Amino acid sequence: MNHQKLIVSLSPHVYAPASVRCIMMDVLIALTPALLWSIYVFGINALRVTLLGVASCVVFEYLLQRYVLKIQPTVDDGSAAVTGLLLAFNLPSNIPSWMIILGCFFAIAVAKLTFGGLGNNPFNPALVGRVFLFVSFPVAMTSWPIPLTNRFQFIDAMTQATPLSIVKEGLKNRIPVVDLMAKIPNYFDLFIGNRAGCIGEISVLLLFLGGLYLLYRKVISWQIPVSMIGAIFAFSGILWMIDPSAYMTPLFQILTGGVFLGAIFMATDMVTSPMMPWGMIIFGAFIGILTVIIRVFGAYPEGVSFAILIMNAFVPLIDKLTKPRKYGKVKNV
Amino acid sequence: MKIFNGLASFPRGGVHPQELKLSANRPIEFLSPPRIVTIPVSQHFGAPAKPIVKVGDKVKIGQVIAEANGFVSTHIHATVSGTVTKIEMCMDMSGYKRLAIILNAEGEEWLEGIDLSRTLKAEIILTGPQIIKKVQQDGLVGLGGATFPLHVKLSPPQGKHADVLLINGVECEPYLTADHRLMLEKGPEIIVGIQILMKALNVSKAMIGIEANKTDAIDHLSKLTKDTPGIKVVTLKVKYPQGAEKQLIEAIIKRQVPIGGLPIDVGCVVQNIGTAFAVYESIQKNKPLVERVVTVAGESLNRSSNFLVRIGTPVSYLIEVAGGLPEDTGKIIGGGPMMGKALNTPEVPVVKGTSGILVLPRMYAKRDPVLPCIRCARCVSHCPLGLEPYLLMNLVEKGMSEEADREAIMNCCECGSCAYVCPAKRPLLDSIRLGKSFIAQQRKEKAKT
Amino acid sequence: MMYTVFTSIVLLSVTGILSGVILFFVAKKFQITEDPRIDAVESVLPGVNCGGCGYPGCRKFAEACVRAQDFDKLFCPVGGNKGMVEVSKILGLEVAEKEVKIAVVRCNGSLKNRPRINEYDGQARCKIVHNLYTGETGCSFGCLGLGDCVRVCKFGAIEIDEQTQLPMIDEEKCTSCGACVKACPRFLIELRYRGKNHQRIFVACSNPEKGNIARKNCSAACIGCGKCFKVCSFDAIKIGENLAYINYKKCTLCRKCVNECPTGAIHEINFNLVRSRQAQNPNVSIV
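Protein chains in written order, with the working numbering: chain P, 2 to 334; chain F, 81 to 529; chain Y, 2 to 288.
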């Protein structure tokens, strides 16, 4: 060689343009419309929570990897940013800042890095962070500002219960469903996101659009969202048909709470979801069923995050049961 | 399975790399032979041939210079006329030094009896067994890349019979256009070649699989085969690795070769377009395999094109003809970018199995840093053989080769789809190959005891 | 309250006793009688399960020892002669003392001696590179420097030297288990006698190519000139395939051959004298 040494390596010699960073960027892009909407609904506070969440996740990951684990920091792959954003999306907009930082620390340090960092965590770090906060600070985590009012106040906004907790409370006190329906926003408001709730979960429409983008970019596949939402719809539909006065309509069940956020962005997290299409369908369906069980029969009004975390634990088993069929395998061999 | 546009393809896995057929519109150019050719005696799958010439011997083009050594072996012919200058170990595309015969070209003298005219000779005189004998004598091998001696493929083992001949005109690798050009320029000859192969195999049906990105070739061959009985052109969806035997069989006739089996087990034989043309030349024109079409391509190369090259021509000579080695060269690849072999020096000869020479710029040639697996399952869903590359890599890295064997690691065809799609840029195929070589070693040791 | 405490104590005790009884009978029924000497032998073995003895682990080796009539074919290289004496005490068999061995790398293709002419990019494993091609240098037989031997060494005795890119064997740690010998795809590592005072001499090259070709790729290659063969008065050196080989069983460490070698391919280790060859030929670096 006259100028430079030739490179020798094994085939293949060309690679697909997709990278981990691309995937993470796609998730961030897909979440942006929902973020803008929540800034519109909850005001500057939503931005505060989101920025703080993303920043503290990134900073914690960098610091821990650099100074505690003493390895090359991997924040540039964008996964910490996604964790931070998803965690922030699962928080009410009036949550104190220190809680966000604590939740981010828990998500990164305990749920992600103790298991070996990206790719090795069995549970979705953002959800672990949220559940940690939810269990530790139930009051702060369940007071939601009223949408579209006090948008410019910083902390002491007027709060309101989410549709799900109104219903939970009401059904406990044996108030009929018809009366409850009058207290909650109508289906259209639920669909576009004019309701109380966590930052990212309110606008079903925009989350759905984000999901379409991810589907188009092949970051997620349709199986988990469809089977999860379908299972919630079917299971709560069965309950509703049994007794329409004691159970909410299936449409209500899928439009409220974190169903769309969970189904499109949390349950589909590659690291903590099954690999094969059939495994994804089973995974999604069980999340759906568990969600309805927690919502209807459990103590909490909302159950998406618990359901996903429970099913995360079953992913290795599901993967084992749904192995791909090997080419050329003869049945009786 | 029909997918969207209704074109046939293999059902699971596969990727679609950027096609980059830079030389698709360049006609095949005849390349005058170089002054010195290096002809390795091991250009085919199987035992190396035995040299039968001595240093100082005068040879003519087409003369046998090394004889087949056993059944799975084949003759090697002189590709220039001149003197044998050396018989020694030379670097070849295997990456190692192997025995080669070096010829000094003096003039252009063909062996008597070789028909160099361009007239089409359609009538097939020889019988089946005679054809098989003749292709062995003429040193024919599968020209798709595996270089399996042709006469072995044409003689099915006892009790097995082929009912269909599949012709591989897929050329699913990016950059390569040699078969494409051959189909366009030597259509009638290829059809006769296919008829000869059909006669040798005693089958009445042949199907030519061509990917949909070569519409001109599909039209051309469809027109030519309109009134030939038994030969049909099948348009296939553009998808890699469709040119792999197993995938091609499944794409065209929906049969699955069992694990550890050969295509003949499901009644078919697969041959490459280039092979069909070489068969025509051998049987009808009495011309042994001394030259083949090679694509020379690369983004920074001045003149990416297709060349008709004598076997044994140095790669550096080819690159020189194509405009010289660009400044930014990082890698030279013998074959396609998905399965080809990176060369450690351009001073290696073109052999029977060389379908292309690619020159990749340094910026594309370098691999990206490896990140941890994020379990995206792209390797699993793109594996055409239903394997789980991420799992195989983990097992191999942990030294658990027995478990990897149970996960059918030996079934891997090394198409590279898994490593191609991996967003974390993990060297999946490197590890799988490592595991395969461990298992092969273990099996050998077991067989000994 | 008292009642609850009482019932729980009673219930727990009953369950405990019951399961104890069941376990006792199960253990009796499924008991496996084993020669107690196996345990005794295993306890004096090093317990690293390196496989150096040829058995898949120390336990299997212990079983083989107990079964054996004599120790001709049984030797634990890690425990060495001392260890075998211990074993023989337990089993009451005679054990012959064996020469202690150590691994040596028969290649001296350091960065300086053997220039890199291309660049390998990929999984850093010798075996992969060996299957792929010649390697980063022109020598198809020399060390690839990617540390397959380092990876298999259970004793941390091998390290790749940064300057030379060759494996360095730690004399203290090497137990001559032979794992590296099997791991090297190019069969460059050999177990040789440690020698008196840890001194030994060997040819650090495995390239059987003709002298001029080997020399072109590596300045420290053995060119098979036969000078060492001529000078050796103990018939310890053999020349074959353009390569000299010193038989360690015959070598008396006289070191005549070392000074004779024109390329410095013969290495002497642990001789504290001036390395005359290196002084004469600064181009040849000796590991």
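Beta carbons: idealized from backbone N, C-alpha and C, even for Gly.
Remember, predicted model here, so these are calculated numbers, not experimental data.
Residue-level contact to chain F via CB, Arg126 (chain Y), 8 Å cutoff: yes
Limits of the unbroken beta strand (DSSP E) element including Gln217 (chain F): Not the beta strand (DSSP E): Gln217 (chain F) falls in the alpha helix (DSSP H), residues 208-217.
Span of the alpha helix (DSSP H), counted from its first residue to its last, around Asn271 (chain Y): It is not in any alpha helix (DSSP H) - Asn271 (chain Y) carries neither H nor E in the DSSP assignment.
Limits of the unbroken alpha helix (DSSP H) element including Met281 (chain P): 278-298
Neighbouring residues, chain F, relative to Ser141 (chain Y) (Cβ below 7 Å): Tyr176, Lys177
The region 57-80 of chain P: positions lying closer than 7 Å to chain F by Cβ: Asp78
Residues near Gly410 (chain F) by beta carbon distance below 8 Å, same chain, minus five either side: Leu440, Pro441, Arg442, Met443, Tyr444, Ala445, Lys446
Cβ contact (3+ pairs, closer than 8 Å) linking the region 264-279 of chain F and the region 398-405 of chain F: no
Those runs of the alpha helix (DSSP H) which lie wholly inside the region 164-248 of chain F and span at least 4 residues: 208-217, 230-234
Span of the alpha helix (DSSP H) around Gly267 (chain F): Annotation: the continuous alpha helix (DSSP H) that includes Gly267 (chain F) extends over 267-281.
Own chain partners of Gln364 (chain F) with C-beta closer than 7 Å, once the 5 adjacent residues on each side are dropped: Lys201, Val272
Proximal chain Y residues relative to Asn424 (chain F), where beta-carbon distance stays under 7 Å: Asn119, Tyr134, Thr135
Contact check, Ile8 (chain P) vs Tyr214 (chain P), beta carbons under 8 Å: no
Contact with chain F by Ala17 (chain P), beta-carbon distance below 8 Å: Cβ-Cβ to chain F under 8 Å: yes for Ala17 (chain P).
As assigned by DSSP and simplified to three states, the class of Ile119 (chain F): strand
CB contact check: Gly123 (chain Y) to chain F, cutoff 8 Å: yes
Cβ distance (whole Å) where Cys226 (chain Y) is taken to contact Pro263 (chain Y) below 8 Å: 6 Å
Where Lys6 (chain P) meets chain Y, residues with beta-carbon distance less than 8 Å: Near Lys6 (chain P) (Cβ distances below 8 Å), the residues of chain Y are Arg117, Ile118, Asn119, Glu120.
Beta-carbon neighbours of Leu467 (chain F), restricted to chain Y and to distances below 7 Å: Neighbours of Leu467 (chain F) on chain Y: none; closest Cβ ~18 Å, over 7 Å.
Contact check, Gly347 (chain F) vs Met418 (chain F), beta carbons under 8 Å: no
Sub-8 Å separation of Thr257 (chain F) and Thr355 (chain F) beta-carbons: no
Reference Cys178 (chain Y), options Y:Ala41, Y:Asp40, Y:Ser111, Y:Gly58, closest by Cα: Minimum Cα distance to Cys178 (chain Y) is reached at Y:Gly58.
N-terminal and C-terminal residue of the alpha helix (DSSP H) that Ala445 (chain F) is part of: 442-445
Within chain Y, the residues that Leu514 (chain F) reaches when beta carbons sit closer than 9 Å: For Leu514 (chain F), the C-beta contacts it makes with chain Y under 9 Å involve Gln124, Arg126, Lys128, Ile129, Asn132, in order along the chain.
6 Å Cβ shell around Pro128 (chain F) - same chain, five flanking residues per side excluded: Closer than 6 Å at Cβ, skipping near neighbours: Val121, Ser122.
Limits of the alpha helix (DSSP H) - the one that Cys59 (chain Y) falls within: 59-68
C-alpha distance - Thr295 (chain F) paired with Lys317 (chain F), whole-angstrom precision: The straight-line gap from Cα to Cα measures roughly 12 Å.
Beta-carbon proximity check, Ile176 (chain P) vs Gln161 (chain P), cutoff 8 Å: no
Ile159 (chain Y) beta carbon near the ligand PLP (any heavy atom closer than 7 Å): Here there are no bound small molecules, and the ligand PLP is not part of this structure.
Test: Gln521 (chain F) CB closer than 8 Å to a CB of chain P: no
Simplified DSSP state of Leu467 (chain F), which is helix, strand or coil: coil
DSSP state of Leu388 (chain F) mapped onto helix, strand, coil: Strand, per DSSP.
Local conformation of Gln521 (chain F) per DSSP, three classes: helix
Any 3 or more C-beta pairs closer than 8 Å across the region 182-196 of chain F and the region 154-161 of chain F: Touching, yes, given that three or more Cβ pairs across the two stretches are closer than 8 Å.
Alpha-carbon spacing of Arg218 (chain P) relative to Met25 (chain P), whole angstroms: 11 Å
Interface flag, Ser20 (chain P) vs chain Y, CB-CB below 8 Å: False, the Cβ-Cβ gap to chain Y never drops below 8 Å.
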